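Residue 499 in numbering that gives the first Met the number 0 sits at position 500 of the sequence shown, and the numbers go up by one each step.
Yeah, the Cβ is synthetic: ideal placement off N, Cα and C, and Gly gets one too.
Just so we're clear, the structure is a prediction, and the values are computed from it rather than from any experiment.
A short write-up of the structure that comes next.
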Amino acid sequence: MSGQLKVDDPTTIIFSGSGQLGDGGPLDLQGATNVIIEGYSSIGNLAFAGATSLTSITVDSGNPNYSSVGGVLFDKLQTTLIQYPLGSTATTYTIPSSVTSIGNKAFANATSLTSITIPSSVTSIGNGAFFYAPSLTSINIPSGVTSISRNMFIGAISLTSITFDTPSSVTSIGDSAFFGATSLTAINIPSGVTSIDEYAFANATSLTSITFDSPSSLQTIGNEVFANATSLTSITIPSSVTSIGNGTFAAATSLTSITIPSSVTSIGNNTFSGATSLTSITFDSPSSVTLIDIGAFASATSLTSITIPSSVTSIGNNTFSGATSLKSITFDSPSNVTFIGIGAFNNATSLTSITIPSSVTSIGNNTFSNATSLKSITFDSPSNVTFIGNGVFDGATSLTSITIPSSVTSISDSTFSGASSLTSITFNTQSSVTSVEGVLFNESRSTLIKYPLGSEATTYNIPSNVTSIGNGAFNAATKLTTITFDSPSSVTSIGIGAFNNASSLTSITIPNSVNSIGILAFYGATSLNSINIPFDVTSIGNKAFSGATSLTSITVDSGNPNYSSIGGVLFDKLQTTLIQYPLGSTATTYTIPSSVTSIIDYAFADATSLTSINVDSGNPNYSSIGGVLFDKLQTTLIQYLTSNIDEIYVIPITVTSINNNAFLHAKLKYVYMYQSTLTALGLQYGTGKSFFGKNLTILRTLDILSLLISKTYILYPGWNAIGTSINLIYPSPINSNIKAIYTYDNISNTPVQIDINSDVLLTAKSAYFFYLNGSTNTIVTMQ
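This is the structure:
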């Protein structure tokens, strides 16, 4: 572009030059309503995009490439309509009969137009031609047009009607063509259309009816074509369709029923996800569907039953997850389903029974987790299931018994976690796993895999042939109070989470044969009051006794070469690593020995009575302030105790890091940090921050003043001088609004008032000072 001239009339701009006009994008029209174009051999596609004040475009009559009629920009022969002036106040427009092509975004953002007449000469309409034309109410597509291009009517929020001349030549509807056309209530798709591309009618929230001319040629319905079309109640998919894309009817919340024609071979990811009114889905016979993919019916909360056709070979992950009304699922015979995916029936809370066809070889992780009404699961004979994954029946709280077929060669230790009513697990003969009195073992009975959570027994004896207690074997066995072992015992390992959340377990004597105790082995065993670590134990996993809040003492065989205990606290042999404090101890204070160089995470978390951690003065690695544990230099806050009843805590200015879960289960509501600490941690002031194991509000000084004014004393966090003499220097004269000043006594846990009538010299009893403010909230200066 070589020049731009604004004439005396401020509403008019003349563009005079050569080459391309607007080759760098939309022109700066400076609010002009009229444009005159002189010269120029080419005009950029976006030259007038967004020129919402423009009411007229005029082209010099000598221009060999462009022309204008009625303020509208055309090519020279007026066969292509390039740009309608967006600021025009006209409500209707008739395109000249010479036009065969409407350019990209030609009417985009034309806010006043309610009706456009397209002549029969038009064969091509460009992308986004009516993009965000918010007043357009209706339009007719001539017979010669071959496609509804992408984004053509996106955001045309007043469009209620679109019709097609007969016979129509349209073969495709482009992606997002009617996206967000929120007033469109119905549309008839011409018989020649072979594809509807992704998002074509997404968010068309008033669309109640879509019909297809017969015979339909439609083959492909793209991804999310009707997603969030919340008024669509029914649709008959033509028998020519072979593919239904991902999320096609996702969140189509009014859709009540649908029939899948025989021609369709797959149902994509999340196709009917969130279609909360869908009560019925039928497959035409014979069905060709081989795959029902991930989340296809997830959260289809009104679907009560479904029959899976014989053609289906795979049910994807989370296919019926959250289909909370699904009571019945049946498989046409003969079934060819070989795989049921991860979480396929997760949270299908109304499902009461299911029969697994003989064709199935694998049941994925969490398949029936939280299927809380599931009472019966049977396997067709002969079963070919070889694998049952992790957590398959986790939370299936109504399942009381199950028989595992002999074909199963692999079953996870967490398969039945949370199946709290399960009293019996049995196996058909020749299985590689077995059960004794409802307890699951491997074939040789050397590994105890799972104890049935629904058992009413309070005691259980582990047989002498068992060498390993599997991961999660007694997890959530909440009725068990006592575990015993045959003598002599052969158990050498206690697996990860073996007694996790066995909340009634009070007594277990670990046999001398044990050499390893897994991570989280007794985590959450809240009734366990004591435990002894035998001679041969060489390995104790992290958090093995975390959450065991009744544990008053951990003892270690004196001959153990790896571990030791002092005062019920678990250490390594040389007492350089503190592994676990007994959380049920009634002591309120504890002093970390000088020998300790390392403290395992969670060692003090949830200590029920401990309010103060002290550190031996000779310890080179750790220190404490006010009962809170820090590293030696007080740059890392390691542990704030659960039993501390304070609601507010001020983190020292030296702190630059905080251990994970340092505030786990703390009673704190508010935390003050200095800016240097916030910066180091990458945090910001605000409410509801979740960090370090606690949901806390991070406050500045003035926030604290505002918070506590109603409690008669206010925290001033500027001091840290325990045990030193401090002069409190008041403003001169003393501000009459200041009513009282307090220091805080950590021993009595109360504020102590100080006389303010004269300068005061005192020995600080606490790192923090309080004062009662008057109406102006004046802050006392302290130096």
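In the DSSP assignment, S279 falls within the unbroken beta strand (DSSP E) covering 279 to 282. Around the beta-carbon of S67, 16 or more other beta-carbon atoms lie within 10 Å, marking it buried.
With respect to the 8 Å criterion, S419 and A475 are classified as neighbours on the basis of their beta carbons.
Taking C-alpha positions only, T396 is separated from L373 by approximately 8 Å. Fewer than three Cβ pairs drawn from the region 61 to 75 and the region 128 to 138 lie within less than 8 Å of each other, which leaves the two stretches out of contact. Where I234 is concerned, there is no enclosing beta strand (DSSP E), because DSSP gives it neither an H nor an E.
Our two residues, T78 and V121, have alpha carbons roughly 9 Å apart in a direct line. For L439, the uninterrupted beta strand (DSSP E) run begins and ends at 438 to 441, by DSSP.
Within its own chain, the residues whose Cβ lies closer than 7 Å to the Cβ of G558, once the five positions on either side in sequence are excluded, are F534, listed in chain order. For T91, the secondary structure class from DSSP, reduced to helix, strand or coil, is strand.
With at least 16 other beta carbons inside 10 angstroms of its own, D292 counts as buried. C-alpha of S17 to C-alpha of I35: approximately 14 Å in a straight line. The C-alpha of A343 lies about 5 Å from the C-alpha of T366.
In the DSSP annotation of this structure, F415 is not part of any beta strand (DSSP E), being labelled neither H nor E.
The beta carbon of I599 is closer than 6 Å to those of I578 in its chain, skipping five residues each way along the sequence.
Counting along the chain, S616 sits inside no beta strand (DSSP E), nor does DSSP assign it H or E at all. Between the beta-carbon of T551 and that of G517 there is about 23 Å, and that puts the pair past the 8 Å contact cut. Here the region 263 to 272 lies against the region 284 to 302, with 3 or more beta-carbon pairs under 8 Å apart. Among the bridge pairs identified by DSSP, K666 is matched with none. Of I307, L569, S489, V649, the smallest CA-CA separation from R444 is found for S489. Taking a contact as a CB-CB distance under 8 Å, the pair A203 and F177 counts as one, their CB atoms being some 5 Å apart.
One thing to note: S310 has its Cβ within 8 Å of the Cβ of S286.
A Cβ-Cβ distance of about 10 Å is found for the pair T32 and T51, leaving them out of contact under the 8 Å criterion. Distance check between G340 and each of S123, G390, G617 places G390 closest, using alpha-carbon atoms only.
In this structure, T278 and S301 form a Cβ contact; the two beta carbons are roughly 5 Å apart against a cut-off of 8 Å. If you draw a straight line from the Cα of F544 to the Cα of A602, it is about 9 Å long.
Taking C-beta atoms as the reference points, N643 and G626 count as a pair closer than 8 Å. Between the C-alpha atoms of F211 and T477 there is a straight-line separation of about 59 Å.
For E37, the uninterrupted beta strand (DSSP E) segment begins and ends at 33 to 38. Contact between I530 and I495 does not hold, since their C-beta atoms are separated by about 17 Å, which reaches or exceeds 8 Å. N64 sits away from N103, with the two beta carbons spaced by 8 Å or more. If you draw a straight line from the Cα of I532 to the Cα of P510, it is about 9 Å long.
In this structure, DSSP gives T181 a state outside helix and strand, which the three-state scheme calls coil.
In this structure, the beta-carbon distance from G246 to S272 falls below 8 Å. Annotated three-state conformation of S492 is strand, per DSSP. Beta-carbon to beta-carbon, T491 and N514 are separated by about 5 Å, close enough to satisfy the 8 Å threshold.
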